[in-house]
């Protein structure tokens with residue numbers, strides 16, 4: 754009898770633990786609060802000569818602001834397929850930060866990636882292209898930005914080359930470069946990496962050894 758009771762207690766505790774984990778992932782509390790600029794020397798923020806959407810704000814600034822606007826909604830991390838292409842609920846993944854940032858500047862990433870895939874199918878690692886999801890895959894965005902954006906240094910010590918609104922791609926992750934910097938002058942990254950992430954803007958560039966791309970939209 755005691756053994757049975759012990760087993761029941763263990764099972765109940767396991768169920769409770771699983772429920773707590775589920776709740777933690779379902780109701781994430783990732784902070785959208787911005788990090789302070791810790792670099793004492795001012796590095797002038799670059800501005801694009803292009804204003805794609807004609808809103809009076811240059812593309813570089815528009816992309817940065819779009820990333821900030823998106824994380825301000827505090828999306829929860831979950832990978833899902835959407836018939837709408839763009840997520841239409843409270844969820845998202847790392848590529849959605851970039852897609853929404855570009856949308857704020859007047860660039861429809863879904864349509865642009867699909868157009869490039871149609872023109873250069875052999876360059877993309879796809880068996881069955883799908884407009885609704887291909888623009889939300891890091892491996893595809895690496896190819897797309899190599900084709901369409903200016904490729905920049907991946908050396909994080911070249912701090913002036915990293916500007917707010919740039920796009921940084923890691924081996925299996927992507928984000929937007931922040932306009933705020935750490936004490937070494939290395940900028941933070943605006944991104945959405947996983948359900949347990951504590952903040953959308955983080956000081957991660959110097960700790961990553963898997964940076965595979967750094968791009969800037971210039972049209």
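Residue numbers (this note's numbering): 754 to 972.
The beta-carbon is built from N, C-alpha and C at its ideal position, and this holds for glycine as well.
Checklist entry - Looking only at C-alpha atoms, which of 848, 828, 868 and 887 sits nearest to residue 842? => result 828
Item to check | residue 916 to residue 781 span [Cα, whole Å] | outcome: 29 Å
Checklist entry - With DSSP run on the structure shown, which of helix, strand or coil describes residue 954? => result strand
Checklist entry - Within the chosen definition, does the region 795-813 reach the region 883-897 through at least 3 CB pairs nearer than 8 Å? => result no
Checklist entry - By DSSP, does residue 966 sit in helix, in strand, or in coil? => result strand
Checklist entry - Using the beta-carbon count (16 or more within 10 Å), is residue 908 buried or exposed? => result exposed
Checklist entry - Within this structure, are the beta carbons of residue 834 and residue 796 separated by less than 7 Å? => result no
Item to check | CB of residue 919 within 7 Å of CB of residue 859, strictly | outcome: no
Next on the checklist: Quick check: what's the CA-CA separation for residue 793 versus residue 933?
Outcome noted: 11 Å
Item to check | Inside the region 856-881 only - alpha helix (DSSP H) runs reaching at least 4 residues | outcome: 862-872
Next on the checklist: If contacts are defined as beta-carbon pairs under 8 Å, then residue 746 and residue 862 qualify, I think. What distance do you get, rounded to the angstrom?
Outcome noted: Past the edges of the chain, shown from 754 to 972, lies residue 746, and the structure says nothing about it.
Checklist entry - Roughly how many angstroms lie between the CA atoms of residue 882 and residue 840, to the nearest whole one? => result 18 Å
Item to check | Straight-line Cα distance separating residue 903 from residue 969 | outcome: 5 Å
Item to check | Residue from 972, 924, 963 and 955 with nearest C-alpha to residue 824 | outcome: 955
Item to check | Host beta strand (DSSP E) of residue 923 (start-end) | outcome: 920-923
Item to check | Counterpart residues of residue 940 in DSSP-defined beta bridges | outcome: 934
Checklist entry - Roughly how many whole angstroms lie between the Cα atoms of residue 929 and residue 943? => result 5 Å
Checklist entry - Expressed to the nearest angstrom, what Euclidean distance is found between the alpha-carbon atoms of residue 952 and residue 830? => result 12 Å
Checklist entry - How long is the line joining the alpha carbons of residue 851 and residue 906, rounded to whole angstroms? => result 19 Å
Checklist entry - For residue 783, which residues from the same chain have a beta carbon less than 7 Å from its beta carbon, with the 5 sequence-adjacent residues on both sides left out? => result 827, 950, 951, 952 and 953
Checklist entry - Do you know how far the Cα of residue 922 is from the Cα of residue 963? => result 9 Å
Checklist entry - From residue 877 to residue 947, what does the alpha carbon distance come to, in whole angstroms? => result 25 Å
Item to check | Boundaries of the alpha helix (DSSP H) in which residue 896 is found, first to last residue | outcome: 891-901
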